[in-house]
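Residue numbers (full-length UniProt numbering): 1 to 184. Here is the structure we will look at, set down as structure tokens.
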Amino acid sequence: MSTSPQYYTRTAQVLHWLMAAIFIVAWLIGFYSGNFLSYEVDGSFKGNVITLHKNIATTIIFLVVIRIFWRYTHPAPKLPDTMSPMMKTLAHVGHFLLYLMLLALPITGCLFSWSAGHPAPVLYLFEIPRLVQDNPELLAIVKPLHIYLSWFAGLLIVGHALAAVKHHFIDKDNVLRSMLKQPK
């Protein structure tokens with residue numbers, strides 16, 4: 001009989017924390033450029049900040065595919081027995097929604113960029129090939145969708161972090177440690 005691991009693999013941990021850092025930085029840059037800069041006042045600076053946002057955020061598309069594959073081929077640690085069945089279900093739903101947002105945000109971001117007539121660059125190295133051309137009708141849909149999804153994803157991330165802190169300091173279980181270290 002196989003047993004569930006106590007810790008995530010080192011690869012899973014690195015992917016988790018790397019994607020967390022990328023998401024948070026991209027989210028903050030997107031929030032800043034969308035709420036505090038204007039083309040009328042900040043002109044090319046706003047364009048440069050948005051380009052930075054895109055170059056960082058598009059990497060998530062590639063990393064989430066790797067992470068989903070890794071997660072599928074390497075089982076996650078079992079949730080603590082002290083968690084109620086309802087809390088375990090909520091944890092699984094929350095993780096599913098996080099993965100969904102990690103796919104939906106960069107996809108809607110690319111559609112937003114392409115439909116506005118701009119590229120979707122990746123780390124200043126290359127561009128994701130355009131799947132749509134300039135399209136004001138599509139832009140009217142994907143722009144607000146991308147913004148609303150970013151707020152929802154931000155709330156999910158905050159909830160995820162708060163749940164991890166609760167597990168560590170209140171429940172005193174292994175949930176946070178399973179993503180931080182490996183057994184000796």
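Every residue, glycine too, gets a C-beta built ideally from N, C-alpha and C.
Under the three-state reduction of DSSP, which class applies to residue 136: helix, strand or coil? Helix.
Look at the alpha carbon of residue 83 and the alpha carbon of residue 101, and state the distance between them as a whole number of angstroms. Distance between the alpha carbons of residue 83 and residue 101: 25 angstroms.
Nearest to residue 7 by alpha carbon, out of 74, 94, 124 and 62? It is 74 whose Cα lies nearest to the Cα of residue 7.
Is it buried or exposed for residue 170, if we count other Cβ within 10 angstroms and need 16 for buried? Exposed, since its Cβ has fewer than 16 Cβ neighbours within 10 Å.
Give the secondary structure of residue 64 by DSSP, where H, G and I count as helix, E and B as strand, and everything else as coil. Residue state for residue 64 is assigned as helix, using DSSP reduced to three classes.
Would you mind stating whether residue 138 and residue 115 have Cβ atoms separated by less than 7 angstroms? Yes. Within cutoff.
Between residue 30 and residue 150, which are expected to be in contact by the criterion C-beta below 8 angstroms, what is the C-beta distance as a whole number of angstroms? Between residue 30 and residue 150, the beta carbon gap of about 6 angstroms places them in contact (Cβ cut-off 8 angstroms).
Is residue 1 helix, strand or coil by DSSP? Because residue 1 sits at a pLDDT of 47, beneath the cut-off of 50, its placement in the model cannot be relied upon, and the following sentence gives the value as read from the coordinates. Coil, per DSSP.
How should residue 64 be labelled, buried or exposed, when 16 other C-beta atoms within 10 angstroms of its C-beta is the threshold for buried? So residue 64 counts as buried.
Quick one, which of 76, 121 and 134 has its alpha-carbon nearest residue 177's? Per the Cα distances, 76.
Between 26, 11 and 159, which has its C-alpha nearest residue 123's C-alpha? Selected option, being the one with the closest Cα: 26.
Using alpha carbons as the reference points, say which of 142, 109 and 81 lies closest to residue 172. Looking at the Cα atoms, 81 is the closest of the given residues.
If you run the structure through DSSP and keep just helix, strand and coil, what is residue 175? Reduced to three states, the DSSP call for residue 175 is coil.
Which runs of the alpha helix (DSSP H), 4 residues or longer, sit entirely within the segment 46-104? Runs of the alpha helix (DSSP H) inside the segment 46-104: 59-73.
Give the range of the alpha helix (DSSP H) segment to which residue 30 is assigned. Note, residue 30: alpha helix (DSSP H), 10-36.
Which residues share a DSSP beta bridge with residue 40? Residue 40 pairs with nothing; no bridge assigned.
Cβ distance (whole Å) where residue 70 is taken to contact residue 3 below 8 angstroms: Rounded to whole angstroms, the Cβ separation of residue 70 and residue 3 is 19 angstroms, and the two are not in contact under 8 angstroms.
Return the CA-CA distance between residue 154 and residue 127, expressed in angstroms with no decimal places. A straight-line Cα-Cα distance of about 26 angstroms links residue 154 and residue 127.
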